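Under numbering that gives the first Met the number 0, the residues of the sequence shown are numbered 0 to 326, in order.
For glycine and all other residues, C-beta sits at the position ideal for the given N, C-alpha and C.
Quick caveat, the model's predicted, so the values are computed rather than measured.
Single-structure report; data block below.
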Amino acid sequence: MTKTASAPYAHSEKSSLTRGTEWLVALAPMLIWSVYMFGARVITLCALSGGLSLIFDFLVRRFLFKYPIKSSVDIMAAVYGILAAFSMPVAVPLWIPMISAILVVIAKNIRVIFKKRLFNPFVFSAAVLNLLFGAKMTLYTRPFAYFSAFSFSIDEKLISGYRVISPLQYMADGSVYEDGIFAQLYGFASGNIGEIAIFAMILSLIWLCIRKEADWKNTVAYLVPVFLLALCFPSDDAESTYYAFAFLFSGAFVFLSVFATSESCTTPMTKSGKLIFSLLCGIITFALRKLHGGIEWGYYAVLLMNIIAPLIEIATKPKLSKAKKDK
Numbered sequence: 000m001t002k003t004a005s006a007p008y009a010h011s012e013k014s015s016l017t018r019g020t021e022w023l024v025a026l027a028p029m030l031i032w033s034v035y036m037f038g039a040r041v042i043t044l045c046a047l048s049g050g051l052s053l054i055f056d057f058l059v060r061r062f063l064f065k066y067p068i069k070s071s072v073d074i075m076a077a078v079y080g081i082l083a084a085f086s087m088p089v090a091v092p093l094w095i096p097m098i099s100a101i102l103v104v105i106a107k108n109i110r111v112i113f114k115k116r117l118f119n120p121f122v123f124s125a126a127v128l129n130l131l132f133g134a135k136m137t138l139y140t141r142p143f144a145y146f147s148a149f150s151f152s153i154d155e156k157l158i159s160g161y162r163v164i165s166p167l168q169y170m171a172d173g174s175v176y177e178d179g180i181f182a183q184l185y186g187f188a189s190g191n192i193g194e195i196a197i198f199a200m201i202l203s204l205i206w207l208c209i210r211k212e213a214d215w216k217n218t219v220a221y222l223v224p225v226f227l228l229a230l231c232f233p234s235d236d237a238e239s240t241y242y243a244f245a246f247l248f249s250g251a252f253v254f255l256s257v258f259a260t261s262e263s264c265t266t267p268m269t270k271s272g273k274l275i276f277s278l279l280c281g282i283i284t285f286a287l288r289k290l291h292g293g294i295e296w297g298y299y300a301v302l303l304m305n306i307i308a309p310l311i312e313i314a315t316k317p318k319l320s321k322a323k324k325d326k
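Right, dumping it as structure tokens:
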């Protein structure tokens with residue numbers, strides 16, 4: 000296999016097709032469970048965002064960057080598109096994943112320093128959509144409230160009958176999710192498509208680690224400091240351990256710890272650099288949530304760390320000894 004510079008692991012011997020297939024397999028548990036929880040509209044959103052991301056990325060690579068036809072197809076574009084769809088609630092209108100695909104392709108093809116991708120594509124899409132269309136991106140509905148798979152938009156009166164508060168929104172005023180942490184762990188909570196079932200994300204992480212596409216240490220470096228900080232600074236009316244788990248399982252903490260820390264083009268290449276990247280992402284997100292809850296600050300924390308990632312990589316890159324330099 001030839002090395003591919005556009006795939007998530009720029010120095011891997013795997014082809015982009017092999018890598019993209021492995022990532023699609025990793026997303027399968029979350030997709031299957033989300034369809035069970037929210038219905039066939041999940042498939043429509045993922046197909047639109049993932050499929051259009053693949054098509055738009057092909058057009059950009061083929062006609063703007065003049066890649067050969069064979070090299071213009073990068074399955075990872077579809078992976079990023081599906082991950083972007085996972086960051087949406089199921090009730091969003093279908094133009095949202097269409098815009099998401101455009102944002103994914105923009106972020107995927109922007110390279111600034113050393114031809115290194117500047118922003119994680121699916122995180123960039125989620126952050127921009129939440130910034131521009133916050134009301135649409137927080138249309139949380141209860142599980143098993145199935146909506147039409149092909150309706151361009153869901154009637155607001157219908158949505159209002161199924162609207163619920165997400166675990167992250169509960170955390171905004173220091174409360175914890177009333178249905179408990181097991182509802183979050185097993186996916187019976189409200190929220191975005193891909194963020195509700197922690198157990199499904201754990202299965203994805205195990206697969207990515209087996210295929211050497213992720214390192215569980217980075218996920219741990221992201222989550223453990225958050226858990227410890229939540230233990231130290233719980234809300235006044237919640238038991239500290241329960242609060243810490245509820246805080247950890249709300250929003251996109253686990254989602255980002257599994258998928259955002261595994262994207263090599265926007266994280267440091269060194270192992271120590273990746274750990275530092277993950278650690279700071281978690282701490283920054285925790286601080287922002289405590290200061291102003293109710294918003295998923297994790298996306299913005301990751302984008303900030305994407306910008307800083309090249310500096311972390313330089314700082315953690317092994318230095319050659321003077322003797323070796325002389326040789």
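Where residue 260 sits in the DSSP three-state scheme: helix
Any contact of the region 282-301 with the region 116-128, i.e. 3+ C-beta pairs under 8 Å? yes
Where does the unbroken alpha helix (DSSP H) through residue 227 begin, and where does it stop? For residue 227, the enclosing alpha helix (DSSP H) stretches over residues 215-231.
By Cβ distance below 7 Å, which residues in the same chain neighbour residue 161 in space, the five residues on each side in sequence not counted? 140, 141, 144
Rounded to a whole number of angstroms, what is the C-alpha to C-alpha distance between residue 137 and residue 195? 14 Å
Could you give the first and the last residue of the continuous alpha helix (DSSP H) run that contains residue 119? Premise fails: residue 119 is in no alpha helix (DSSP H) and is neither H nor E.
I'd like the ranges of any alpha helix (DSSP H) spanning at least 4 consecutive residues and lying wholly in the region 157-194. 166-170, 180-184
Which residues does DSSP pair with residue 140 in a beta bridge? The partner list for residue 140 (beta bridge, DSSP) reads 162.
Going by DSSP in three states, residue 210 sits in which element: helix, strand or coil? coil
Among 15, 133, 23, whose alpha-carbon lies nearest the alpha-carbon of residue 191? For residue 191, the nearest C-alpha among the options comes from 133.
Going by the DSSP bridge assignment, what does residue 110 pair with across the sheet? The beta-bridge partner set that DSSP reports for residue 110 consists of 116.
Who are the near neighbours of residue 287 in its chain, counting only those whose CB is closer than 6 Å to its CB and skipping five residues on each side? 296
Contact between the region 53-65 and the region 220-235 (3+ Cβ pairs under 8 Å): no
For residue 22 and residue 207, I'd like the C-alpha separation in whole angstroms. One C-alpha to the other measures close to 7 Å.
When you compare each of 29, 76, 249 to residue 107 by their alpha carbons, which one comes out closest? The shortest C-alpha separation from residue 107 is found at 76.
Continuous alpha helix (DSSP H) stretch holding residue 61: start and end: Premise fails: residue 61 is in no alpha helix (DSSP H) and is neither H nor E.
Might you give, ordered along the chain, the residues of its own chain that have their beta carbon closer than 8 Å to the beta carbon of residue 278, omitting 5 neighbours on each side? 220, 221, 224
What does the Cβ neighbour count give for residue 264, buried or exposed, with the cut at 16 atoms within 10 Å? buried
Range of the contiguous alpha helix (DSSP H) that encloses residue 268: Where residue 268 is concerned, there is no enclosing alpha helix (DSSP H), given that its DSSP letter is neither H nor E.
Nearest-angstrom Cα separation, counted from residue 183 out to residue 243: 13 Å
Hey, how far is the Cα of residue 13 from the Cα of residue 33? 29 Å
Three-state secondary structure (DSSP) of residue 97: helix
For residue 273, count the other beta carbons within 10 Å of its own beta carbon; 16 or more makes it buried, fewer makes it exposed. Which is it? buried
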